[in-house]
Structure formats: structure tokens, C-alpha cells
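Everything on this sheet refers to the single structure shown next.
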Amino acid sequence: MAETAIHAEGLTKIYGGSVAALQDLTLDVPAGDVFGFLGPNGAGKTTTVRLLTGLLAPTGGSCTVGGFSPVKKFREVHRVCGVVTDGARMYGQMTGRENLLFFARTAELPSDEAHSRSEELLKRMDLWDARDKRLREYSTGMAQRLSLARALIHRPKILLLDEPTSGLDPEAARGVNGMIADLARSEGVTVFLCTHQLRYAQDICRHYGILERGTLLGVGDLETLGRNASMHRRAVLRLKDGDELEGFDRGSDGWWRADLSSEEEMPALLKKIVGAGHDVYEARIVSPTLENVYFKYVRLARGEKET
Amino acid sequence: MKLLSDAQKAVVQKDFREMWDVPIVRNTLLIVALLLAVGLPVLFLVIVWAAPANAFHGMDRVAKLLPPEAQHYNSRQSSFYMLTNLLGPMLFLMIPLMSSCVSAVSSFVGEKERGTLVTLLLTPLGVRGIFKAKVLGCIFLSAVITAVSFVALSVSISVGDILLGLPFFLNWDWLVLVFLFAPAITVFGVVFMVLVSARSKSYNESIQTSGFLVLPIVLLFVGQFVGLFSLNARAFLIVSLAVILVDIPLWLLSARSFTAEKLLRQ
């Protein structure tokens with residue numbers, strides 16, 4: 002069984018005795034996973050990150066990060082994890098390199114290692130040419146990449162990223178997401194990625210948690226989440242005009258659709274349809290996207306009628 | 046045992062660099078010290094030295110306030126003696142008070158204002174480690190400024206003493222002032238501003254608040270000028286011990302109020 006990187010048990014945060022920012026969050030993120038924590042603004046993602054990093058004390062429940070409780074072992078948590086949040090800025094009057102060297106010193110890295118690690122990260126984040134520029138001269142995208150480098154300076158085992166692409170243009174956002182995916186692959190870092198950008202999340206995450214108004218609606222990989230929300234893969238076929246298929250639904254686009262319990266059903270299904278004398282022009286398997294699944298969960302949670 | 050770890054020293058050095066890089070902080074620290082330790086004493090000396098003898102009206106009445114050993118001084122000497130022993134201590138005490146307040150505001154409020162305090166909290170330094178590094182850094186800087194200012198003030202006053210034929214100014218009053226009162230005030234200024242900075246939203250607001258700290262010192266010396274009481278080494282010792290007694294709970298209170306949750310809430 003994989004080691005648990007992040008564990009939360011009934012984690013709750015209530016502000017001022019009445020405003021529940023997070024309610025009863027129970028979650029396990031295995032080591033090495035890339036976990037997408039999804040939800041709109043105000044869902045409780047930032048509160049979760051602040052609880053996991055010990056910046057806030059929970060009003061109920063408990064959590065561990067890298068095996069340490071942020072309440073009891075604040076410093077140990079920050080030795081094993083790197084954090085990028087929107088509100089955590091770096092020093093504008095220092096250059097990119099000076100910023101990284103400063104944060105390397107706060108993490109007690111030896112001087113040689115601090116220099117080599119800073120150099121490595123500046124190159125990796127494509128900031129090498131701007132290394133001696135003051136941070137205040139950096140673009141938003143460059144500053145965000147430097148924040149990512151700052152969070153990685155002490156080789157953390159766990160990365161907690163709260164909207165790391167917030168405020169970036171699509172190209173810069175793609176670049177940062179690519180780096181996160183690359184880091185997870187090459188360094189085996191556990192990534193806990195809070196985002197409301199579902200398309201990016203689907204590209205880089207392996208498991209997801211869906212949060213709405215402080216409550217965790219679902220957790221698992223895309224297939225599990227889809228199955229639990231009664232969303233299956235579908236066989237989608239285009240037939241000759243006027244043809245009809247029994248057991249299939251015809252969409253407004255003229256394509257015929259039917260649920261599949263697994264991909265393996267598709268060849269037999271096609272053979273059967275062709276064998277029955279139907280002309281199949283096109284056929285494909287369509288899986289529910291993260292966006293489909295996410296909105297299904299949100300609709301169900303809000304008790305809305307499915308459209 | 047080391048007072049500060051290398052990581053904490055990094056925070057102190059970074060704070061010093063920020064204070065130097067921000068013109069308003071750098072200029073306040075330098076100008077206050079220069080003005081009070083050199084500018085005003087030299088100006089006073091020039092006035093006393095250059096003014097015609099008949100310009101010292103009413104000095105005979107003022108001289109009655111002076112201690113017996115200074116009763117025989119002439120008008121110029123009496124005026125400069127008053128600067129050295131009555132006005133000088135007040136001006137000197139403003140230096141540790143203002144430098145500790147300004148450095149603490151820059152270190153705590155400045156960091157919060159720029160959004161970098163959260164980033165520091167996300168390092169393995171820990172909240173207590175950050176507090177310790179910042180408070181000790183501010184105390185160290187204020188102590189250095191105060192020490193250098195005292196040397197400069199000593200030179201300024203000594204020049205006046207030589208020119209006016211007065212004895213060397215240093216006495217028990219000054220020794221208590223420099224080695225006890227000034228350090229006590231430095232600690233008070235830093236921890237008081239840490240407490241205040243938790244509630245203030247900007248650098249300017251905090252600096253304005255620090256202005257209130259000057260009042261008790263001014264009142265202390267005004268009391269002496271109007272003849273309410275006489276400040277001597279014993280009085281300075283009592284006041285210094287009182288400030289130290291206030292420093293201890295204030296330090297503990299400001300350390301306790303310096304938590305990530307409170308800082309984020311503000």
C-alpha cells in the first residue's frame with residue numbers, strides 16, 4: 002500500500018463560530034500522486050491549504066502532511082512541503098537569484114547546495130536569463146514560475162499549490178502547468194493542486210477531490226468519480242441517414258449513443274451492429290471529461306435537475 | 046548556544062537590506078540620529094558660542110535650577126551645561142526610541158504590507174523563529190545606531206566643553222541613561238510596535254502611532270524644566286527599571302499575539 006502524503010480526518014474550519022469554510026473533510030492523498038482539489042472560488046480550497054500548512058488552526062478534526070501534524074509540528078511540515086499560494090509574494094527589491102538563495106538559507110540548505118539548486122531551478126523554470134533582474138521587473142508569469150522554484154528550493158516531498166496559474170494568460174498558465182506535471186514525473190513529488198481550471202487539472206492530475214461550499218462532494222480518479230455519478234463511457238456512432246439503432250439514443254447532432262460498462266465491449270458491439278446490416282460511417286468511445294463529471298457533482302449537490 | 050540560527054540571520058540581513066532600500070526608512074533612521082546627536086548640539090553650541098554676552102537674558106534665574114557645582118558658571122557655560130544635562134538626555138533618548146520604532150515598523154508592517162510575511166511563514170523557520178529573528182534584528186540595529194549616535198553626541202558635546210572651558214560631561218546620569226535607560230527604551234519601542242503593527246494597515250499609520258511614545262519622554266523632561274522634579278542618576282535608574290518591568294510582559298504578549306492565524310486575519 003502506498004505511503005500517505007496528506008491525510009485529513011473530519012477537518013473543519015468555522016470562522017467566528019458560524020461561517021463554515023470547511024466541513025468534515027476526510028481525505029487521503031498517496032505519496033507520488035498528483036491530486037486536483039477542485040472547486041469554485043470560495044469553496045474552501047485556500048482554507049484547506051492554510052489548515053494543511055498550519056497557517057490556520059482547525060476548529061475540528063485533524064490532518065497530517067508528510068506524517069506531521071501542522072498544529073504540533075509546524076516547522077517539520079514546512080521542511081517536507083513547498084507551498085505556492087496567491088498571497089505569498091517574494092521580495093521585489095531582490096533579484097530572482099537572490100530570492101531563491103534567501104529562501105534556501107531559511108530552509109537551512111548549505112551554501113554550495115543553495116547555489117547549485119537555485120541555478121538548476123532558474124534554468125528549469127526558464128528564468129536563467131532574468132536571474133539578475135529584480136523581481137519587481139518580472140512579468141506575472143515569471144514571478145509565478147519563481148514562486149514555484151521557491152517552493153521547490155529545499156527539495157520538498159509534497160507540493161501544495163493554491164491556484165498557481167491565477168492571473169496568468171493561457172500560454173503562461175500552460176507553461177506553469179507543464180512544469181508542475183514535469184516535476185511530478187521527474188522528482189516524484191506529491192502534488193496537491195487547488196484549482197478551478199478543470200481542463201488544466203485533467204491534463205496533469207491523476208486523482209481529484211471536488212469541493213463545494215466547504216463540503217467534499219466526491220474523491221477518486223476520473224473513472225471512479227464518473228461511475229459514482231452514473232456517468233459512463235459511451236459508444237458513439239454515425240450511421241447512414243434514416244437508419245435506426247435499437248437500444249441507442251439519437252442525439253440532436255444525428256449521432257447514436259449508448260453507455261458502455263468498459264472499453265472491451267466496443268469491438269463486440271460494433272461486430273453485432275455491422276452484422277445486423279447497419280452501415281457504420283464513424284464510431285468512437287467518448288469518456289466523460291472532468292468538466293462533465295465536476296458539473297454533474299455540483300448539480301447533484303445543489304439538487305438541480307439534470308439538463 | 047547560538048543566539049540566532051543561520052536561517053534567522055538570513056531574515057535579519059534581509060530586513061536590514063529592506064530598511065536600507067526603502068528611502069523613507071533609511072532617511073528616517075539616519076536623519077533622526079544625525080539631527081539629534083550632531084545637528085542640534087552643534088547648532089546650540091554655535092548659538093551659545095556666537096551670541097553676544099548681553100543676549101543671555103534671564104540666565105541668572107535659570108541658573109538657580111542648576112546643581113551647586115554649576116552655580117558659578119557664566120551665561121554661556123550655563124546654557125551649554127543645560128543642553129548637556131537637561132536637554133541632551135531627552136534628545137538622546139529619542140534616538141533609541143525612534144530607531145527601534147521605525148525598524149520594527151519596517152520589519153513587521155512593511156513585510157505584511159508587501160505580502161511577503163505569509164511567504165516567510167511558509168518556510169521551516171517557524172512563527173517563533175521569525176518573531177525572534179525580527180525582534181532581535183531590530184533591537185540590534187537600534188543598539189548600533191544608539192551607540193554610534195552616543196559617540197557622535199559625545200564628540201559634539203566634548204568640543205563644546207573644551208571651547209567653553211567646562212569639565213568632561215560624562216557623569217553617572219549619562220552612564221545610567223546609556224547603559225540602562227536606552228536599552229530598556231529600545232526593547233520597549235520594538236515590542237510595542239510589534240503589538241501595534243498587528244493592528245495597523247500601513248507603514249505610515251504605524252509610524253504615526255509611534256509618535257505617541259515620544260510624549261512620555263517629553264513630559265518627563267518638561268517636568269524637570271518647570272521644576273516639578275529633578276532628574277538624576279537615581280531617578281533614571283528607577284525609571285529604567287520600571288520600563289524593564291513593562292518590557293517583560295509586553296515582550297511575552299507580543300510574542301503570543303504573533304501567530305499565523307492572527308496575521309492572516311489582519
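Those protein sequence lines, which keep their order, are chains C and E.
For the first sequence, the positions run 2 to 308 when the working numbering is used.
For the second sequence, the positions run 46 to 311 when the working numbering is used.
Glycine residues also receive a C-beta, built at the ideal position from the N, C-alpha and C atoms.
As the structure is a computational prediction, the values presented were derived from the model and not from experiment.
Asked, Found
"Nearest candidate by alpha-carbon position, reference Thr304/E, set Gly171/E, Val291/E and Leu225/E", "Gly171/E"
"Proximal residues, the region 276-307 of chain E versus chain C, C-beta separation under 9 Å", "Thr304, Ala305 and Glu306"
"Residue-level contact to chain C via CB, Leu309/E, 7 Å cutoff", "yes"
"C-beta contact flag for Leu199/C and Ala302/C at 7 Å", "no"
"Simplified DSSP assignment, three categories, for Ser167/C", "coil"
"Euclidean distance between Cα positions of Arg106/E and Ala78/E", "32 Å"
"For Pro31/C, the three-state DSSP class (helix, strand or coil)", "strand"
"For Val30/C and Thr60/C, the rounded distance between their alpha carbons", "22 Å"
"8 Å Cβ cut-off: residues of chain E touching Gly58/C", "With the sequence shown as reference, residue 58/C is identified as Ala, and Gly is not the correct amino acid for it. Near Ala58/C (Cβ distances below 8 Å), the residues of chain E are Glu306."
"Cross-chain neighbours of Gly182/E in chain C, by beta carbon under 8 Å", "Residues of chain C passing the Cβ test: none, with the nearest at roughly 14 Å."
"Interface residues of the region 151-176 of chain E facing chain C [CB-CB below 8 Å]", "Arg159, Gly160, Thr161, Val163, Thr164, Leu165, Leu166, Leu167, Thr168, Pro169, Leu170, Gly171, Val172 and Gly174"
"Buried versus exposed, by CB contacts within 10 Å (16 or more), Thr308/C", "For Thr308/C, the predicted structure reports a pLDDT of 45, less than 50, and the residue's modelled location is therefore unreliable. A value from the coordinates is still provided. Flag for Thr308/C reads exposed."
"DSSP three-state assignment for Cys183/E, whether helix, strand or coil", "helix"
"Which of helix, strand or coil DSSP assigns to Ala277/C", "coil"
"Minimum Cβ-Cβ distance from Gln198/C to chain E less than 7 Å", "no"
"Exposure of Thr164/E, with buried meaning 16 or more beta-carbon neighbours within 10 Å", "buried"
"Nearest-angstrom beta carbon gap, Ile262/E and Ile190/E [assumed within contact, 8 Å]", "Wrong, their Cβ atoms sit about 17 Å apart, outside the cutoff."
"Interface flag, Ala78/E vs chain C, CB-CB below 7 Å", "no"
"Spatial neighbours of Leu258/E in its chain, beta-carbon cut-off 7 Å, leaving aside the 5 residues before and after", "Leu142, Cys146, Gly234 and Phe237"
"Proximal chain E residues relative to Ala174/C, where beta-carbon distance stays under 9 Å", "Result: empty, since nearest Cβ-Cβ is about 21 Å, beyond 9 Å."
"Per-residue contacts from Val56/E into chain B (C-beta, under 8 Å)", "Checking the listed chains, one finds no chain B in this structure; the protein chains it contains are C and E."
"The region 14-22 of chain C / the region 71-80 of chain C touching (three or more Cβ pairs under 8 Å)", "no"
"When Leu101/C, Ala230/C, Thr47/C and Arg235/C are compared against Arg251/C, the one with the closest alpha-carbon", "Arg235/C"
"Cα-Cα separation between Ile184/E and Val232/E, rounded to whole angstroms", "6 Å"
"The region 24-38 of chain C in contact with the region 202-221 of chain C per 3-pair CB rule at 8 Å", "yes"
"Val236/E: first and last residue of the uninterrupted alpha helix (DSSP H) it sits in", "Ala227 to Ser242"
"Residues that Asp51/E contacts on chain C, provided the C-beta gap is smaller than 7 Å", "Arg106 and Glu109"
"Same chain only: Cβ atoms within 7 Å of Met267/C, ignoring 5 sequence neighbours per side", "Ala236, Leu261 and Ile286"
"Rounded separation between Ser288/C and Asp204/C - CA only", "14 Å"
"Contacting residues, own chain, Cβ-Cβ under 8 Å from Phe103/C (five flanking each side not counted)", "Tyr92 and Met95"
"Chain E contacts made by the region 32-58 of chain C, where a contact means CB separation under 9 Å", "Arg51, Thr54, Gly55, Leu56, Leu57 and Ala58"
"Ala236/C: first and last residue of the uninterrupted beta strand (DSSP E) it sits in", "Arg234 to Leu240"
"Buried or exposed (CB count within 10 angstroms, at least 16 for buried), Asn99/E", "exposed"
"Terminal residues of the beta strand (DSSP E) in which Trp257/C lies", "Trp257 to Leu261"
"CB contact flag (Leu123/C, Arg135/C, <7 Å)", "no"
"Inter-residue spacing [alpha-carbon to alpha-carbon] between Val221/E and Val81/C", "49 Å"
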